[in-house]
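J.: Take this note's numbering: the last position of the sequence shown gets the number 125, and nothing is skipped along the way. We put the CB at the ideal spot given by N, CA and C, even for glycine. Owing to the predicted nature of the structure, the values given are computational and were not obtained by experimental measurement.
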Amino acid sequence: NGITDDGVASLCEGLESREDGDLPLKKLDLSMNSISDEGCEFIGCLMSTCEHLTSVNLRGNCVDDAGVHALAEAMLEDECCESLEDIDLSCNDISNTGALAFLKMVSSQGCPESL
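Right, here's the structure in full:
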């Protein structure tokens with residue numbers, strides 16, 4: 011796939027503008043694309059509006075420490091992780107320091123179950 015940050019911005023904008031009666035978003039699979047930290051900002055905003063979201067897959071993108079920080083901040087601020095069971099950030103550009111910081115931030119909320 012070739013979804014970039016611009017594509018993620020458009021996708022998130024469309025999903026956020028759905029009517030309340032629309033089917034709830036439960037899984038978001040954007041694996042193996044070209045999404046960077048900027049895209050993670052948009053995804054974080056989307057996560058805060060999707061109370062039924064159980065899974066986010068960002069495997070194989072261009073996410074680094076700033077991107078996981080943006081995701082963690084969104085998860086903490088909006089308590090969106092009540093339903094979130096797993097988030098896949100494998101095969102990205104996240105350092106050990108970034109991974110540990112992400113884990114510390116989200117573990118304070120007790121979520122997600124699988125990283």
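Looking only at C-alpha atoms, which of Cys-101, Ser-93, Met-115, Gly-108 sits nearest to Pro-34?
T.: Per the Cα distances, Ser-93.
J.: Mind pulling the alpha helix (DSSP H) runs of 4 or more residues that sit fully within the region 81–114?
T.: none
J.: Going by Cα to Cα distance, which pick from Asp-75, Ser-117, Asn-71 is closest to Asn-102?
T.: Asn-71
J.: Note down the Cα distance separating Phe-112 from Ala-80, rounded to an integer number of angstroms.
T.: 9 Å
J.: Please list, in chain order, all residues of the same chain as Asn-67 whose beta carbon is under 6 Å from its beta carbon, the five residues on each side excluded.
T.: Asp-39, Ser-41, Asp-98
J.: Which of the three DSSP states is assigned to Leu-21 in this structure?
T.: helix
J.: From what residue to what residue does the beta strand (DSSP E) around Asp-74 run?
T.: Where Asp-74 is concerned, there is no enclosing beta strand (DSSP E), given that its DSSP letter is neither H nor E.
J.: If you draw a straight line from the C-alpha of Ser-46 to the C-alpha of Ala-109, how long is it?
T.: In a straight line, the C-alpha of Ser-46 is about 16 Å away from that of Ala-109.
J.: Determine which residues share a DSSP beta bridge with Asp-39 and list them.
T.: Asn-67
J.: Please state the DSSP three-state secondary structure of Ile-53.
T.: helix
J.: So what's His-62 in DSSP terms, helix, strand or just coil?
T.: DSSP places His-62 in coil when its eight states are reduced to three.
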